[in-house]
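Residue numbering for the sequence shown follows numbering that gives the first Met the number 0, starting at 0 and increasing by one per position.
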Amino acid sequence: MNQLETLRNKKSVSDWLTAAGIACAADILEIASGGNNRVYKVSGETGTFLLKQYFFHPMDKRNRLKAEFDFLSYIWKRGIRVVPQPISCNEENHLGLYEFVSGTSFIPGSVSRDDLDMAQSFLLRLNEDRKNAISIVGNASEACFSVQAHLACVEERINKVTEIVGETPIDQEARTFVIEKLVPEWTRIKRFIQNEAAGWLEYSLKIGERCLSPSDFGFHNAIRQPNRGIRFIDFEYAGWDDPAKLVCDFFCQVKVPVDSEELAPFVEGISGMSDQPTFFSDRVHWLLPAYQIKWCCIVLNEFLPVSLLRRRFADGSEETETELKFHSKANYNQTLLLT
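Printed below as a string of structure tokens:
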């Protein structure tokens with residue numbers, strides 16, 4: 000019995016869907032998903048919904064379901080409607096039920112100035128009354144509230160990718176790239192940041208300098224709707240964070256890149272999120288090279304055991320290790336292009 004059939008036949012899931020208002024879940028169709036979870040389109044008497052089954056593993060401590068559902072619940076209560084409505088969650092089975100958002104995915108080169116304005120507007124609206132969310136929303140995944148914390152976060156990722164093992168040619172190529180190119184470049188960049196930010200390395204951001212961050216924010220996690228503009232999706236890493244980290248990730252994500260010429264106007268457009276806009280802009284300048292290294296490491300995660308487990312969970316694949324390594328080569332090539 001495959002994973003979809005197991006899900007449909009599980010009584011606790013069936014009862015939960017009924018309690019959520021889906022009295023007759025006639026169709027549960029697995030649809031294309033991201034790299035971490037399995038996603039289903041659920042059609043019932045009361046409408047169409049998105050059912051998300053979250054990856055869970057002892058080696059991956061992030062509670063993706065709680066982070067996303069709590070964050071979306073907060074946003075929805077604020078009256079912000081550019082995200083999916085959260086319907087219900089089932090912690091026992093790591094399931095979340097959401098509004099089904101239809102539309103068109105963004106592709107590289109499709110991001111316009113108007114799209115960036117909508118992204119800015121969403122971030123500003125999200126952070127208008129953020130201090131009231133202190134007791135509601137937790138910290139983002141890998142949240143950093145000092146320059147030193149940012150450096151430590153990237154350092155940890157560097158240490159992980161230096162442990163790439165395997166004997167296939169692509170494994171060996173990745174390991175050589177990490178040791179001969181990535182590690183020396185990181186050493187240079189870390190020294191640059193330590194010099195530029197001297198005196199601010201240990202400073203901890205005050206609440207007014209932090210932000211509510213969607214994390215993994217970008218147009219790779221957005222859907223264009225003809226009559227409703229843009230809807231932003233996927234908030235499993237969301238929470239309190241440094242707005243400079245949000246910006247750096249936004250301009251470093253590789254799936255739907257944003258033109259680097261938009262960096263300065265974007266920073267200026269959301270500078271009102273911080274009580275110290277100049278310091279916010281300085282941190283972006285200091286940290287952007289570090290986050291370029293971080294995103295090289297993210298792409299190289301394909302070679303690490305837990306990431307492979309997560310990808311295999313998401314696509315339900317029974318692929319062999321050799322096949323998985325072959326599929327990861329395209330992502331690895333993207334990493335090479337970033338350096």
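A virtual CB, placed ideally from N, CA and C, is assigned to each residue, including glycine.
Determine the burial state of residue i: buried for a count of at least 16 other Cβ atoms within 10 Å of its Cβ, exposed for fewer.
i	result
residue 67	buried
residue 151	exposed
residue 214	buried
residue 212	buried
residue 90	exposed
residue 28	exposed
residue 95	buried
residue 197	exposed
residue 112	exposed
residue 135	exposed
residue 127	exposed
residue 317	Residue confidence for residue 317 is low, a pLDDT of 43 falling below 50, so the modelled location carries little weight and cannot support an answer.
residue 248	buried
residue 260	exposed
residue 168	exposed
residue 26	exposed
residue 178	exposed
Note the first and the last residue of the continuous alpha helix (DSSP H) segment covering residue i.
i	result
residue 158	146–160
residue 295	276–299
residue 171	168–176
residue 80	Counting along the chain, residue 80 falls outside any alpha helix (DSSP H), and DSSP gives it neither H nor E.
residue 267	262–269
residue 194	182–195
residue 119	112–125
residue 16	10–18
Among the options, which one has its Cα closest to the Cα of residue i?
i	options	result
residue 114	130, 215, 302, 230	230
residue 185	160, 123, 209	160
residue 292	220, 201, 208, 187	187
residue 346	258, 253, 288, 243	The question about residue 346 has no answer here: the residues shown for the chain are numbered 0 through 338.
residue 210	81, 273, 72, 77	273
residue 264	143, 205, 118	118
residue 35	137, 62, 173	62
residue 297	158, 84, 21, 232	158
residue 53	284, 72, 81, 6	6
residue 108	278, 258, 288	258
residue 47	299, 19, 73	19
residue 282	190, 251, 241, 299	241
residue 235	17, 299, 77, 60	60
residue 153	17, 8, 9, 288	288
residue 83	278, 300, 220, 277	220
Report yes if the C-beta distance between residue i and residue j is below 8 angstroms; otherwise report no.
i	j	result
residue 106	residue 12	no
residue 70	residue 238	yes
residue 88	residue 50	no
residue 294	residue 246	no
residue 79	residue 97	no
residue 280	residue 200	no
residue 286	residue 192	yes
residue 40	residue 99	yes
residue 163	residue 173	yes
residue 55	residue 170	no
residue 74	residue 43	no
residue 222	residue 72	no
Based on DSSP bridge pairs, tell me the residues matched to residue i.
i	result
residue 5	The partner list for residue 5 (beta bridge, DSSP) is empty, contrary to what the question assumes.
residue 40	28, 49
residue 96	50, 87
residue 212	238
residue 231	221
residue 138	239
residue 104	222
Does any residue of chain B bring its CB to less than 8 angstroms from the CB of residue i?
i	result
residue 169	As a matter of chain content, chain B is missing from the structure shown, which is built from one protein chain.
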